[in-house]
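J.: Mind having a look at this structure? Questions to follow.
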Amino acid sequence: MNSIIGIAVKDIKQFFRERGTIFWTIAFPVLILLLFTAIFGRTIPFNANVGIVNEDIQTPVTEGIISGLNNTGFLNVKNFADRTEALRELNATNIRAVIIIPQNFTQNLTTIGHANITLVLDNTNLDVARLIRDGVKTYLAYYYKTYVNPSYTEPIGINEEPVFGQEIGYSESIVPGMLTYPLLFSSMVASTGAIVYEREKGTLKKIRASPIRPINMLIGKTLAALFQTAISILIMAVLAAVLLGPKLNWNIPLLIPIFFLGSMNGIALGLIISCIGRSPQEASNAATTIAIVLQFFVGMYFPLEYLPTYLQQFSQFIPMTYAAQSLRNVMIRNATLADLAWPLATLTLSAIALYAVGILLYKRWVEKE
Amino acid sequence: MSEKVIVEVGDLTKHYGKITALDGVSFSVNEGEIFGLLGPNGAGKTTLMEIMCGLRRFDKGNVSVHGFDLRKAPYKVRSSIGFCPQETLLYDLLSVYENFAFSASLYSLKSSKFKERVEFSSKFLGVGEFLRRRVKELSGGMKRRANLAASIIHDPPIVILDEPTVGFDPNIKREFWELIRELKGYGKTMLISTHDMYEADELCDRVAIMDKGKVVALDKPHVLKETIGGEPSIHVTVKNVGKEKALKALEKYHCVLRDNEIKIFTQNPWEIMHEVSSKLIAQKILTEKIEVVEPTLEDVFIKLTGRKLTEESQ
Chain A
5 MNSIIGIAVK
15 DIKQFFRERG
25 TIFWTIAFPV
35 LILLLFTAIF
45 GRTIPFNANV
55 GIVNEDIQTP
65 VTEGIISGLN
75 NTGFLNVKNF
85 ADRTEALREL
95 NATNIRAVII
105 IPQNFTQNLT
115 TIGHANITLV
125 LDNTNLDVAR
135 LIRDGVKTYL
145 AYYYKTYVNP
155 SYTEPIGINE
165 EPVFGQEIGY
175 SESIVPGMLT
185 YPLLFSSMVA
195 STGAIVYERE
205 KGTLKKIRAS
215 PIRPINMLIG
225 KTLAALFQTA
235 ISILIMAVLA
245 AVLLGPKLNW
255 NIPLLIPIFF
265 LGSMNGIALG
275 LIISCIGRSP
285 QEASNAATTI
295 AIVLQFFVGM
305 YFPLEYLPTY
315 LQQFSQFIPM
325 TYAAQSLRNV
335 MIRNATLADL
345 AWPLATLTLS
355 AIALYAVGIL
365 LYKRWVEKE
Chain B
61 MSEKVIVEVG
71 DLTKHYGKIT
81 ALDGVSFSVN
91 EGEIFGLLGP
101 NGAGKTTLME
111 IMCGLRRFDK
121 GNVSVHGFDL
131 RKAPYKVRSS
141 IGFCPQETLL
151 YDLLSVYENF
161 AFSASLYSLK
171 SSKFKERVEF
181 SSKFLGVGEF
191 LRRRVKELSG
201 GMKRRANLAA
211 SIIHDPPIVI
221 LDEPTVGFDP
231 NIKREFWELI
241 RELKGYGKTM
251 LISTHDMYEA
261 DELCDRVAIM
271 DKGKVVALDK
281 PHVLKETIGG
291 EPSIHVTVKN
301 VGKEKALKAL
311 EKYHCVLRDN
321 EIKIFTQNPW
331 EIMHEVSSKL
341 IAQKILTEKI
351 EVVEPTLEDV
361 FIKLTGRKLT
371 EESQ
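From first to last, the protein sequence lines are chains A and B.
Residue numbers for the first sequence follow this note's numbering, so the first one is 5 and each next one is one higher.
Residue numbers for the second sequence follow this note's numbering, so the first one is 61 and each next one is one higher.
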């Protein structure tokens, strides 16, 4: 047999003998395809939560606008009694925009033929802001032409108020998402690789024959993986600052706990994968597949609003979503420690839970030997 | 060598699914002795050693090392043992010194003790000359020495060596045996697994012969050979074409043909040696070799199991 064919045949045979590798090789395209179908296979591939405040009196026009916006299919409209409450929700990132129908809106529209609404937009994600702005504008024009007066083209104007003082450009929008990358990829790959390497090399035998306890071994591995992740974050942050020059709030005392807890989650996930994987290739395939798929769910730079509602809900169970959100909140919104209490608590609890699973799996794996 | 028992294994049993790897193994090792586990591949030697080091669980029995029960105090048992497996368990990208430092950290060795142990290894195992070199740059022999040094960096009272010289050429093997004997001189108790009967004979104060997960005999090598190995025998090697003819010529003796060699079992081999030789010459059979051979541990194993040491046990 030709030597080239011989090598290829051997590799293919080996591939088919490792069930885990086969599984992840199949899982990767299947998951990606299902995900993209779920995202882009819809008629309206966008779902954003917005708030609406009607300061005008209740009229058929205001009621028509509100129910119409709710039925657009791309906006999940939540009604608020006053703008203070709505803006609080906006600041808490529970909604992406607030549509305010001002006093005398119906009267102006019906008497002088022109009225404005106010759109308070969260500009931290420019894509989402643009889609909401365009969507609301298009709908209002459609509404007026359909239900009020077909001869006027744009009688309802939009006064846009950015919710945050600074102008946010793409650099500002993208850098916090980029900094989530090492939390997901570097940390997972570092910790998966650390155990897999010891197993492959046989050196795990040496460690296990020593009096070191499994928990100490995992902590040691975690520290090394944290160091590697920190290097990735540092390099990325410096390069991003130099090359993109974003006007961001580099609040180091607040960013460090987010990076730390985010990395701990990634590392714990990597440890779990390395204990489940029966071979280095399987573990590596699993880590890659999981990291690539997860990046769509955590809002790094693919906005969560692009996901169908059920997947947006699923993303709330992924710890890294809170890390990405917290980074964005600190760096763009100047969030304080109090604002981060919930996401940091979530990240802490999830890291503890994932670690507990990792330790159990490691111990079980060791005992199975 | 004292009579104080430092390792005690009692009724140790281990199964891998339906396969019995260890079947009620019992023995004890005295402080300061070199104790050998001799048996073919699959006899259960490595499983036994890995259990003692806490690398595998066992189903039944007890193991006591340096006064500590393996079930009750596994970490203390591990601290008392230096385990040197067949394969070189060093990190290629680290220097030998860095590997030693890592091994020392696993046993929480104090820095003063570590320095002392590095000096000992440099002097005793000759690793000083390549202490700062990366492992990947070392020769096979250097790696083995560094591996042994790393496994005893914490100065354990008991050293477990799993097939320590497998794959060595004869000269390096002898050098390694010398190192092991010297280690014994430093008061270490050594437990060695091997399927090399010469290694067991040369090195070990006592040998447990293992087969199919059981200890089938245990004593000093010379006692095993004398009591089980039988009497010396005459070994005759003839040209291939004369084999059948030779067997016929020697039919009055108790002959066995094994590996192209005719073995004559008799009570007084020295007395009939001349007679055997004359018979072969008379029949014009070309003889390559004729010698009286003392029984070996291989003979002991064959007598006990009916198989050779080189055959798989299970």
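Glycine residues also receive a C-beta, built at the ideal position from the N, C-alpha and C atoms.
Since we're looking at a predicted model, the values are computed, not measured.
Quick check: A/L187 and A/F263, are their CB atoms within less than 8 Å of each other?
T.: Within the first sequence, the letter at position 183 stands for residue 187 of chain A. Within the first sequence, the letter at position 259 stands for residue 263 of chain A. Contact: yes.
J.: Checking 8 Å against the spacing of the C-beta atoms, do A/L348 and A/S330 come in under that value?
T.: What you label residue 348 of chain A is simply residue 344 of the first sequence in a count that begins at 1. What you label residue 330 of chain A is simply residue 326 of the first sequence in a count that begins at 1. Yes.
J.: Looking at the secondary structure, which residues open and close the beta strand (DSSP E) in which B/R318 lies?
T.: As a first step, residue 318 of chain B is located in the second sequence; it is residue number 258 there, counting from the start. Where B/R318 is concerned, the enclosing beta strand (DSSP E) stretches over 314 to 318.
J.: Can you find a CB in chain B that lies within less than 8 Å of the CB of A/T325?
T.: Indexing the first sequence from 1 puts residue 325 of chain A at position 321. By this cut-off, A/T325 is not an interface position.
J.: Given A/F78, which residues of its chain have a CB within under 8 Å of its CB, disregarding the five upstream and five downstream residues?
T.: Start at 1 with the first residue of the first sequence, and residue 78 of chain A comes out as number 74. I48, F50, N51, A52, L135, G139, listed in sequence order.
J.: Using a Cβ-Cβ cutoff of less than 6 Å, which residues in the same chain neighbour B/A268 once the five nearest sequence positions on both sides are dropped?
T.: Mapped onto the second sequence, residue 268 of chain B falls at position 208. Cβ neighbours of B/A268 beyond the five flanking positions: F87, L97, V275, L278.
J.: Whole-angstrom Cβ separation of A/L374 and A/L230, contact assumed at under 8 Å?
T.: Missing from the structure shown is residue 374 of chain A; chain A here goes from 5 to 373 and no further.
J.: B/P224 CB to nearest chain A CB: under 8 Å?
T.: Here residue 224 of chain B refers to the residue found at position 164 of the second sequence. By this cut-off, B/P224 is not an interface position.
J.: Which chain A residues are close to B/L169, counting only those with a beta carbon under 9 Å from its beta carbon?
T.: Numbered from 1 along the second sequence, position 109 holds the residue referred to as residue 169 of chain B. Going along chain A, no residue has its Cβ under 9 Å from B/L169, so there is no contact; the nearest lies around 11 Å.
J.: List, in chain order, every chain A residue whose beta-carbon is nearer than 7 Å to that of B/E147.
T.: Start at 1 with the first residue of the second sequence, and residue 147 of chain B comes out as number 87. Near B/E147 (Cβ distances below 7 Å), the residues of chain A are G206.
J.: Would you call the stretch 235 to 250 of chain A and the stretch 198 to 215 of chain A in contact, with 3 or more CB pairs under 8 Å?
T.: Output reads no: the stretch 198 to 215 of chain A does not touch the stretch 235 to 250 of chain A.
J.: Assuming the contact rule is C-beta atoms closer than 8 Å, B/Y151 and A/T196 should be a hit. Round their C-beta distance to whole Å, please.
T.: Numbered from 1 along the second sequence, position 91 holds the residue referred to as residue 151 of chain B. Numbered from 1 along the first sequence, position 192 holds the residue referred to as residue 196 of chain A. Going by Cβ atoms, the distance from B/Y151 to A/T196 rounds to 18 Å, so no, they are not a contact pair.
J.: When burial is assigned at 16 or more other CB atoms within 10 Å of the CB, is A/R212 buried or exposed?
T.: The residue you call residue 212 of chain A lines up with position 208 of the first sequence. Result: buried.
J.: With 7 Å as the limit, tell me which residues of the stretch 155 to 181 of chain B have their beta carbon closer than that to any beta carbon of chain A; keep them in chain order.
T.: From the stretch 155 to 181 of chain B, only L166, Y167 have a Cβ closer than 7 Å to chain A.
J.: Would A/K209 count as contacting chain B if we go by Cβ distances under 8 Å?
T.: Taking the first residue of the first sequence as 1, we reach residue 209 of chain A at position 205. Yes, contact with chain B.
J.: Is B/K280 closer than 8 Å to B/L310 when the C-beta atoms are compared?
T.: Taking the first residue of the second sequence as position 1, residue 310 of chain B is located at position 250. Taking the first residue of the second sequence as position 1, residue 280 of chain B is located at position 220. In this structure, B/K280 does not lie closer than 8 Å to B/L310 by Cβ.
J.: Mind listing which residues of the stretch 338 to 365 of chain B have their C-beta closer than 7 Å to chain A's C-betas, in chain order?
T.: Within the stretch 338 to 365 of chain B, no residue qualifies.
J.: Since I believe B/I232 is in contact with B/G186 (beta carbons under 8 Å), could you give me their beta-carbon distance rounded to a whole number of angstroms?
T.: Counted from its first residue, the second sequence places residue 186 of chain B at position 126. Counted from its first residue, the second sequence places residue 232 of chain B at position 172. That belief does not hold up - the Cβ atoms of B/G186 and B/I232 are roughly 12 Å apart, past 8 Å.
J.: If you draw a straight line from the C-alpha of A/D126 to the C-alpha of A/Q18, how long is it?
T.: Taking the first sequence and counting its residues from 1, one reaches residue 126 of chain A at position 122. Taking the first sequence and counting its residues from 1, one reaches residue 18 of chain A at position 14. Each residue's Cα considered, the two are about 52 Å apart.
J.: Rank B/V67, B/K349, B/V85, B/I79 by C-alpha distance to the C-alpha of B/T73 and give the top, closest one.
T.: Residue 73 of chain B sits at position 13 when you count from the first residue of the second sequence. Selected option, being the one with the closest Cα: B/V85.
J.: If the criterion is Cβ atoms closer than 8 Å, does the pair B/I141 and B/P224 meet it?
T.: For this step, residue 141 of chain B is matched to residue 81 along the second sequence. For this step, residue 224 of chain B is matched to residue 164 along the second sequence. Going by C-beta atoms, B/I141 is not nearer than 8 Å to B/P224.
J.: Looking only at its chain, what residues have a beta carbon closer than 6 Å to the beta carbon of B/V316, apart from the 5 residues adjacent to it on each side?
T.: Counted from its first residue, the second sequence places residue 316 of chain B at position 256. Hits under 6 Å: K323.
J.: Could you pull out every unbroken alpha helix (DSSP H) segment of at least 4 residues lying fully inside the stretch 232 to 282 of chain B, listed in chain order?
T.: Complete alpha helix (DSSP H) runs here, min 4: 257 to 263.
J.: Decide if the stretch 326 to 341 of chain B is in contact with the stretch 234 to 251 of chain B; the criterion is three or more beta carbon pairs, one per stretch, under 8 Å apart.
T.: Touching, no.
J.: What does a CB cutoff of less than 6 Å around B/D271 pick up in its chain, not counting 5 residues either side in sequence?
T.: Looking up residue 271 of chain B in the second sequence gives position 211. The answer, listed in chain order, is G99, A103, T365, S373.
J.: Please list, in chain order, the chain B residues whose beta carbon lies closer than 7 Å to that of A/S214.
T.: Residue mapping note: residue 214 of chain A aligns to position 210 of the first sequence, counting from 1. The answer, in chain order, is R138, L166, Y167.
J.: Listing by chain order, which chain A residues have their CB less than 8 Å from the CB of B/L115?
T.: Looking up residue 115 of chain B in the second sequence gives position 55. Simply K209, R212, A213, E373.
J.: Would you grab the beta carbon distance between A/V57 and A/D86 for me? Rounded to a whole angstrom, and I think it's under 8 Å.
T.: Sequence index remark: in the first sequence, residue 57 of chain A carries index 53 (1-based). Sequence index remark: in the first sequence, residue 86 of chain A carries index 82 (1-based). A/V57 to A/D86, Cβ: 6 Å. Contact.
J.: Strictly below 8 Å CB to CB, what residues from chain A border B/Y151?
T.: Start at 1 with the first residue of the second sequence, and residue 151 of chain B comes out as number 91. Those are K205, T207, listed as they occur along chain A.
J.: Skipping 5 residues on each side, what residues in its chain have a beta carbon closer than 6 Å to that of A/G266?
T.: Counting from 1 along the first sequence, the entry for residue 266 of chain A is found at position 262. Closer than 6 Å at Cβ, skipping near neighbours: L187, A327.
J.: Looking at the unbroken beta strand (DSSP E) that takes in A/T122, where does it start and where does it end?
T.: Locating residue 122 of chain A in the first sequence gives position 118, where the first residue counts as 1. Residues 119 to 125.
J.: So, for B/V195: in the same chain, excluding its five sequence neighbours on each side, which residues have a beta-carbon less than 6 Å away from its beta-carbon?
T.: By 1-based counting over the second sequence, the position of residue 195 of chain B is 135. L150, D152.
J.: Nearest-angstrom Cα distance between A/I160 and A/T325?
T.: Position 156 of the first sequence, counting from 1, holds the residue named residue 160 of chain A. Position 321 of the first sequence, counting from 1, holds the residue named residue 325 of chain A. The alpha-carbon atoms of A/I160 and A/T325 are separated by roughly 37 Å.
J.: Since A/I105 and A/I61 should fall inside the 8 Å C-beta cutoff, what is the C-beta to C-beta distance between them, to a whole number of angstroms?
T.: Working through the first sequence from its first residue, we reach residue 105 of chain A at position 101. Working through the first sequence from its first residue, we reach residue 61 of chain A at position 57. Rounded, the Cβ-Cβ distance is 10 Å, inconsistent with contact.
J.: Looking only at its own chain, which residues have a Cβ that is under 6 Å from the Cβ of B/H214, when we skip the five neighbours before and after it?
T.: Position 154 of the second sequence holds residue 214 of chain B. Excluding positions up to five away in sequence, the list reads Y167, L169.
J.: Go ahead and pull the three-state DSSP assignment for B/N207.
T.: Residue 207 of chain B sits at position 147 when you count from the first residue of the second sequence. Helix, per DSSP.
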